[in-house]
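*Asks:* First the structure, then my questions, so here it is.
Protein chains: 2
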Amino acid sequence: MIGALWHICFVANSFVFPIYAQYDKKYKISRMEFVILYVLSHRDNLMAWEICRMTGLPKNNISRGVNKLETRKLITRTPDPADARRALLTITAQGKALFDELIVSYVDRAETCLSPLDKKDRKDLERIMTKLALATPSVA
Amino acid sequence: MIGALWHICFVANSFVFPIYAQYDKKYKISRMEFVILYVLSHRDNLMAWEICRMTGLPKNNISRGVNKLETRKLITRTPDPADARRALLTITAQGKALFDELIVSYVDRAETCLSPLDKKDRKDLERIMTKLALATPSVA
DNA sequence: TATGTCAAGTCCCATATGGGACTATTGAAA
DNA sequence: TTTCAATAGTCCCATATGGGACTTGACATA
């Protein structure tokens, strides 16, 4: 079964590599920043550490991304009045607009990568990967 | 279908992250170096660019890895007499021994990550990921 | 109110990474 | 045989990344 995970890593890298290169070149958006936008476009009012937990990415990188996105007004950071350590992150309209643009190439590329699979394969893959992802404890 | 690839990336990262951290700390082996050992332990007499093609990793990084592994005598580089640009890479007995040690944690971790899957899931995953990997054109 | 501990983020630093230019060699075309 | 293009690999540099220390605030216990 060791081959399966090797292939998962290979496919993952091959998938994201060109996307992030394009985001960087075209929009000056880094991998971390995209990930944050992605998460916030699905679930609002999150704290930075929740994004870390959901993505498995280290908190200093997320922290940097959050700061950049905030200065670019793509997200807002609302301090929690009850706990000054906390800040709730929300994607702005401007951020959502950019994300909607970014996600187009993402979906395109996903379609290309998954094109060798038929309908049943895709269903199986979706089911299995969801199961795996839910069971995978976040790292770092 | 966009969720499937997101999950693939998440699982891939969560899987490899602790492994490479351990390899680095315990054996001073970087991600690139492990990948090279991995490939060479499966197919011998490869050139650097073939490893790039097979893994999708950039050639300068592979080049660095090859050099380090060579100085540590974990692989050998045999110049092709017919073409001075080329060099065939081979894993040494020492390299194979180290790899056999490394692969233990790799397999262990793979087993942990895949533990939520039953037999049929694993079969499906193996089949689908192989299909995807074969169809995925290498990047970079 | 002091004190210790935990939590959320940020900062600093060393290293890993990738793009692109460069070198050396080969093969093909003129 | 000169010239041009392609190939294999290396080098240089700017940036991304991650570990770990640090800061600030909250809460529990005394």
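Those protein sequence lines, which keep their order, are chains U and C.
Sequential numbering from 1 applies to the first sequence in this note's numbering.
Sequential numbering from 1 applies to the second sequence in this note's numbering.
Where is the CB? At the ideal position from N, CA and C, for every residue including glycine.
How many Å lie between U:F34 and U:F99 at the Cα?
*Replies:* Working through the first sequence from its first residue, we reach residue 34 of chain U at position 34. Working through the first sequence from its first residue, we reach residue 99 of chain U at position 99. Roughly 8 Å between the two C-alpha positions.
*Asks:* Would you list the one or two residues that DSSP bridges to C:L89?
*Replies:* In the second sequence, counting from the first residue as 1, residue 89 of chain C sits at position 89. The partner list for C:L89 (beta bridge, DSSP) reads C:L46 and C:R77.
*Asks:* Quick check: is the beta carbon of U:C146 nearer than 9 Å to any beta carbon in chain C?
*Replies:* Residue numbering for chain U in the displayed model covers 1 to 140; residue 146 of chain U lies beyond these limits and cannot be assessed.
*Asks:* Have a look at U:M47, U:T136 and U:L69 and flag the residue whose alpha-carbon is nearest the alpha-carbon of U:Y83.
*Replies:* Looking up residue 83 of chain U in the first sequence gives position 83. It should be noted that the sequence gives Asp, not Tyr, for residue 83 of chain U. Comparing Cα positions, the closest option is U:M47.
*Asks:* Under three-state DSSP, which class holds U:D124?
*Replies:* Translated into the one-based positions of the first sequence, residue 124 of chain U becomes position 124. U:D124: helix per DSSP, three-state reduction.
*Asks:* Would you call C:T55 buried or exposed, if buried means 16 or more other Cβ atoms sit within 10 Å of its Cβ?
*Replies:* Locating residue 55 of chain C in the second sequence gives position 55, counting from the first residue. Burial call: buried.
*Asks:* Where does U:L198 land, buried or exposed, given buried means 16+ other C-beta within 10 angstroms?
*Replies:* Absent from the structure is residue 198 of chain U, since the part of chain U shown begins at 1 and ends at 140.
*Asks:* Evaluate the contact criterion for the region 20-27 of chain U versus the region 60-67 of chain C: three or more CB pairs, one atom per stretch, below 8 Å.
*Replies:* At 8 Å Cβ cutoff, the stretches do not touch.
*Asks:* Do you know whose CA, among U:L117, U:I2, U:K123 and U:K28, lies nearest U:R72's CA?
*Replies:* Position 72 of the first sequence, counting from 1, holds the residue named residue 72 of chain U. Comparing Cα positions, the closest option is U:K28.
*Asks:* Put U:R109 into one of helix, strand or coil per three-state DSSP.
*Replies:* Counting from 1 along the first sequence, the entry for residue 109 of chain U is found at position 109. If DSSP states are grouped into helix, strand and coil, U:R109 belongs with the helices.
*Asks:* Which residue comes first and which comes last in the alpha helix (DSSP H) that contains U:T136?
*Replies:* Translated into positions along the first sequence, residue 136 of chain U becomes position 136. From DSSP, U:T136 is part of no alpha helix (DSSP H); its letter is neither H nor E.
*Asks:* Does the separation of the CB atoms of C:T78 and U:H7 fall below 9 Å?
*Replies:* Translated into positions along the second sequence, residue 78 of chain C becomes position 78. Translated into positions along the first sequence, residue 7 of chain U becomes position 7. The answer is no: Cβ separation not under 9 Å.
*Asks:* Just mark C:V16 as buried or exposed, buried being the case when its beta carbon has 16 or more other beta carbons within 10 Å.
*Replies:* Here residue 16 of chain C is taken as the residue at index 16 of the second sequence, counted from 1. Burial call: buried.
*Asks:* Within 9 Å (strictly less), CB to CB, does U:A135 reach chain C?
*Replies:* In the first sequence, residue 135 of chain U corresponds to position 135, counting from 1. Closer than 9 Å to some Cβ of chain C, the Cβ of U:A135 qualifies, so yes.
*Asks:* Count the CB pairs spanning the region 87-107 of chain C and the region 35-43 of chain C that are closer than 8 Å, and state whether there are at least three.
*Replies:* In short, these stretches touch, since the Cβ pair count reaches three.
*Asks:* Report yes or no: is there a C-beta of chain U within less than 9 Å of the C-beta of C:S105?
*Replies:* Start at 1 with the first residue of the second sequence, and residue 105 of chain C comes out as number 105. No, C:S105 does not count as interfacial toward chain U.
*Asks:* Examine the ligand GTP and report whether any of its heavy atoms sits within less than 8 Å of the Cβ of C:Y27.
*Replies:* In the structure on display, the ligand GTP does not appear, and there are no ligands present to speak of.
*Asks:* Would C:L114 pass as a contact of U:C113 if the rule is Cβ separation under 9 Å?
*Replies:* Taking the first residue of the second sequence as position 1, residue 114 of chain C is located at position 114. Taking the first residue of the first sequence as position 1, residue 113 of chain U is located at position 113. No, these two residues do not count as a Cβ contact at 9 Å.
*Asks:* Pick out whichever of U:D108, U:I75 and U:S14 has its Cα sitting closest to the Cα of U:I91.
*Replies:* Within the first sequence, residue 91 of chain U is the residue found at index 91, counting from 1. Among U:D108, U:I75 and U:S14, the Cα nearest to that of U:I91 belongs to U:I75.
*Asks:* Quick check: what's the CA-CA separation for C:R31 versus U:N13?
*Replies:* Residue 31 of chain C sits at position 31 when you count from the first residue of the second sequence. Residue 13 of chain U sits at position 13 when you count from the first residue of the first sequence. So the alpha carbons of these two residues sit roughly 13 Å apart.
*Asks:* Tell me whether the beta-carbon of C:I128 lies closer than 9 Å to the beta-carbon of U:I128.
*Replies:* Residue numbering aside, residue 128 of chain C sits at position 128 when the second sequence is read from its first letter. Residue numbering aside, residue 128 of chain U sits at position 128 when the first sequence is read from its first letter. The answer is yes: Cβ separation under 9 Å.
*Asks:* Distance cutoff 9 Å, beta carbons only. Does C:R85 sit that close to anything in chain U?
*Replies:* Position 85 of the second sequence, counted from the start, is the residue given in the question as residue 85 of chain C. No, because no Cβ of chain U sits closer than 9 Å to the Cβ of C:R85.
*Asks:* Answer with buried or exposed for C:R86, where buried requires no fewer than 16 other C-beta atoms within 10 angstroms of its C-beta.
*Replies:* Working through the second sequence from its first residue, we reach residue 86 of chain C at position 86. Counting Cβ neighbours within 10 Å, C:R86 comes out exposed, since fewer than 16 surround it.
*Asks:* U:L69 to U:L89, Cα distance in whole Å?
*Replies:* Here residue 69 of chain U refers to the residue found at position 69 of the first sequence. Here residue 89 of chain U refers to the residue found at position 89 of the first sequence. Answer to the nearest angstrom: the Cα atoms are 10 Å apart.
*Asks:* Taking C:G56 as part of the alpha helix (DSSP H), name the residues at either end of that continuous run.
*Replies:* If you number the second sequence from 1, residue 56 of chain C lands on position 56. Unbroken run through C:G56: none, as it is neither H nor E.
*Asks:* CA-CA distance, C:L117 and C:Y106?
*Replies:* Locating residue 117 of chain C in the second sequence gives position 117, counting from the first residue. Locating residue 106 of chain C in the second sequence gives position 106, counting from the first residue. Each residue's Cα considered, the two are about 18 Å apart.
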